[in-house]
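J.:
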Ligand SMILES: [Zn+2]
């Protein structure tokens, strides 16, 4: 028998089932002040340690290295700080290191008082192909004795790295800057003859790109967004696979696109991504707290686009916002809130579970719709979209993420088509 991807996936999941699953954060209550606040300007440059012949750089998009100190021969401590505070604990880092002659170096990553080390270092020699640093080369320091989530993380880590004459990239997750995301958008658009447009500019003047799939003059639409939070690359991977499945030349996807339009904003926060930010936009704000006041241009662009589409007769049935957190988790809304296709989200999650044996995702419904504050609530409240926040774990195996995006898109198309059958 041919081993299907779903089968392999079920084995991976069964193996991980024993580990304690992250149960999610409590729902956001009340309005958050999203008036712009200052963010740091990270000093950029090459940091030279001529006595060792070792050099570090943060002179590239997505980099974060705030300061560095030599603590001994071939030993360095890098301080990572956020763009501003208060901020969630997602300490992003990315830097390059190289040396005059091959050398084993030790790099300690330290964070501010309230933060802990979160992201397993990913290494690359070209900035495109990445693989995680092996566990044996990571020493964790000051780890709290708790299970799962933020407090189980170490206060600092020391990495043993092999420096060489060519730069080694070290990054919290695979580096997908605006340039790379826009490259993906152009590639998929060219391959499937899709439309790329701009719905506005970010605070820093970068384009907010919109990818359109399917029936351009249709009335029935769904919305996909991702990367409100810069380091959340695994959610972005799921979004890519989800969208690629919707755009594919399969019978199902072709049938779906005949009547339906899919709008995708793959990169909500390009400034934050290129600035190597932990969470916020250049306005110093968590964009996913701005869906009731709309003080930031990034959220306003999506709001205005949706309003325009609705005014032109478009009707949205589904909205999905991709993120990353400690573990895979779905933040849904209580079924008592009914949009334009009631029951779609719970039925969809049920179908995904059936399609992937042994898969028991954590599903956390919110019983609060207003104030809208987060994208999901705004999508349902203003446009009747059945809406969900789709979170992928930081360390979820990459092939599993691809499979989840694919299964998710396939089951969604089938379900929407069956629910909207004349
Ligand atoms: Zn997020």
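Residue numbers (this note's numbering): 10 to 431. Just so it is clear, CB atoms sit at the ideal spot from N, CA and C, and this is done for glycine as well. The structure displayed is predicted, hence computed values, not measured ones.
(1) Compare the beta carbon distance of residue 378 and residue 390 with 7 Å and say whether it is the shorter of the two.
(2) Spatial neighbours of residue 44 within its chain, please: C-beta separation below 7 Å, excluding the five flanking residues on both sides.
(3) Cα separation between residue 148 and residue 245?
(4) Could you check whether residue 330 and residue 234 sit closer than 7 Å to each other, using their CB atoms as the reference points?
(5) How would you write the range of the alpha helix (DSSP H) that residue 438 sits in, first residue to last?
(6) If you check the beta carbons only, do residue 159 and residue 112 fall under 7 Å apart?
(7) When you measure from the CB of residue 241 to every non-hydrogen atom of ligand 1, does any distance come out below 6 Å?
(8) Determine the contact status of residue 8 and residue 71, defining contact as a CB-CB distance below 7 Å.
(9) What three-state label does DSSP hand residue 327 in the structure shown?
(10) Taking residue 238 as the reference, which of 288, 324, 73 has the closest Cα?
(11) Confirm the yes/no value for this check: CB of residue 332, any heavy atom of ligand 1, distance under 6 Å.
(12) At the level of alpha carbons, what is the spacing between residue 383 and residue 124?
(13) So if DSSP puts residue 207 in a beta bridge, which residue, or which two residues, is it bridged to?
(14) Measuring CB to CB, does residue 374 end up less than 7 Å from residue 341?
(15) Is DSSP giving residue 169 helix, strand or coil here?
(16) Going by DSSP, what residues sit across from residue 84 in a beta bridge?
(17) Under three-state DSSP, which class holds residue 242?
(18) Taking 7 Å as the limit between beta carbons, can you name the residues of its chain near residue 380, skipping five residues before and five after?
(19) Which value, in whole angstroms, describes the spacing of the CA atoms of residue 428 and residue 256?
(20) Name the DSSP beta bridge partners of residue 332, please?
(21) How far does the alpha helix (DSSP H) with residue 384 in it extend, from its first residue to its last?
(22) Please work out which residues of its chain come closer than 7 Å, Cβ to Cβ, to residue 80, disregarding the five sequence neighbours upstream and downstream, and give them in chain order.
(23) Do the segment 193–205 and the segment 131–140 make contact, defined as three or more Cβ pairs closer than 8 Å?
(24) Hey, how far is the Cα of residue 326 from the Cα of residue 251?
(25) May I ask whether a heavy atom of ligand 1 can be found less than 6 Å away from the beta carbon of residue 238?
(26) Starting from residue 283, trace the alpha helix (DSSP H) in both directions and tell me its first and last residue.
(27) Tell me whether residue 415 is buried or exposed, calling it buried when 16 or more other Cβ atoms sit within 10 Å of its Cβ.
(28) Mapping DSSP to helix, strand and coil, what is residue 378?
(29) Would you tell me roughly how many angstroms separate the C-alpha atoms of residue 419 and residue 357, rounded to the nearest one?
T.: Quick answer:
(1) By one-based count along the chain shown, residue 378 stands at place 369. By one-based count along the chain shown, residue 390 stands at place 381. Taking C-beta atoms as the reference points, residue 378 and residue 390 count as a pair closer than 7 Å.
(2) Along the chain shown, read from residue 1 onward, the residue named residue 44 stands at position 35. 304.
(3) As a working note, residue 148 is residue 139 in the chain shown. As a working note, residue 245 is residue 236 in the chain shown. Per the coordinates, the alpha-carbon of residue 148 lies some 29 Å from the alpha-carbon of residue 245.
(4) The sequence position of residue 234 within the chain shown is 225, counting from 1. The sequence position of residue 330 within the chain shown is 321, counting from 1. Result yes, Cβ atoms of residue 234 and residue 330 sit closer than 7 Å.
(5) This structure cannot settle anything about residue 438, because the visible part of the chain is limited to 10 through 431.
(6) Taking the chain shown and counting its residues from 1, one reaches residue 159 at position 150. Taking the chain shown and counting its residues from 1, one reaches residue 112 at position 103. The answer is no: Cβ separation not under 7 Å.
(7) For the purposes of this step, residue 241 is taken as residue 232 along the chain shown, with counting starting at 1. At a cut-off of 6 Å, the beta-carbon of residue 241 counts as near ligand 1: some heavy atom of the ligand is closer than that.
(8) As shown, the chain starts at 10 and ends at 431. That puts residue 8 outside it, with no answer to give.
(9) Taking the chain shown and counting its residues from 1, the one referred to as residue 327 is at position 318. Here residue 327 carries a strand assignment [DSSP, helix/strand/coil].
(10) Translated into the one-based positions of the chain shown, residue 238 becomes position 229. Nearest C-alpha to residue 238: 288.
(11) Against the chain shown, residue 332 aligns to sequence position 323. Yes, the Cβ of residue 332 comes within 6 Å of a heavy atom of ligand 1.
(12) The residue given as residue 383 occupies position 374 in the chain shown. The residue given as residue 124 occupies position 115 in the chain shown. Between residue 383 and residue 124, the C-alpha separation is close to 24 Å.
(13) On the chain shown, position 198 is the one that residue 207 refers to. Note: residue 207 sits in a beta bridge opposite 218.
(14) The residue you call residue 374 lines up with position 365 of the chain shown. The residue you call residue 341 lines up with position 332 of the chain shown. Yes, the Cβ-Cβ distance between residue 374 and residue 341 is below 7 Å.
(15) On the chain shown, position 160 is the one that residue 169 refers to. Three-state result, residue 169: strand.
(16) Here the question's residue 84 lines up with position 75 in the chain shown. In DSSP, residue 84 forms a bridge with 81, 115.
(17) Here residue 242 is taken as the residue at index 233 of the chain shown, counted from 1. Residue 242 carries a helical assignment under DSSP once its states are collapsed to helix, strand and coil.
(18) For the purposes of this step, residue 380 is identified with residue 371 of the chain shown, where counting begins at 1. Correct list, in chain order: 39, 40, 301.
(19) As a working mapping, residue 428 is identified with position 419 in the chain shown. As a working mapping, residue 256 is identified with position 247 in the chain shown. Distance between the alpha carbons of residue 428 and residue 256: 21 Å.
(20) Counting from 1 along the chain shown, the entry for residue 332 is found at position 323. DSSP output for residue 332 lists 400 as bridge partner(s).
(21) Numbered from 1 along the chain shown, position 375 holds the residue referred to as residue 384. Per DSSP, the unbroken alpha helix (DSSP H) holding residue 384 starts and ends at 384–392.
(22) Within the chain shown, numbered from 1, the residue matching residue 80 stands at position 71. Closer than 7 Å at Cβ, skipping near neighbours: 86.
(23) As far as the Cβ criterion goes, the segment 193–205 does not touch the segment 131–140, which means the pair count is below three.
(24) The residue you call residue 326 lines up with position 317 of the chain shown. The residue you call residue 251 lines up with position 242 of the chain shown. Their Cα atoms are separated by approximately 17 Å.
(25) If you number the chain shown from 1, residue 238 lands on position 229. Residue 238 Cβ: within cutoff of ligand 1.
(26) For the purposes of this step, residue 283 is taken as residue 274 along the chain shown, with counting starting at 1. Segment 279–283, the alpha helix (DSSP H) holding residue 283.
(27) Numbered from its first residue, the chain shown carries residue 415 at position 406. With 16 or more other Cβ atoms within 10 Å, it is buried.
(28) What you label residue 378 is simply residue 369 of the chain shown in a count that begins at 1. DSSP places residue 378 in coil when its eight states are reduced to three.
(29) In the chain shown, the residue the question calls residue 419 occupies position 410. In the chain shown, the residue the question calls residue 357 occupies position 348. Rounded to the nearest whole angstrom, the CA to CA distance from residue 419 to residue 357 is 10 Å.
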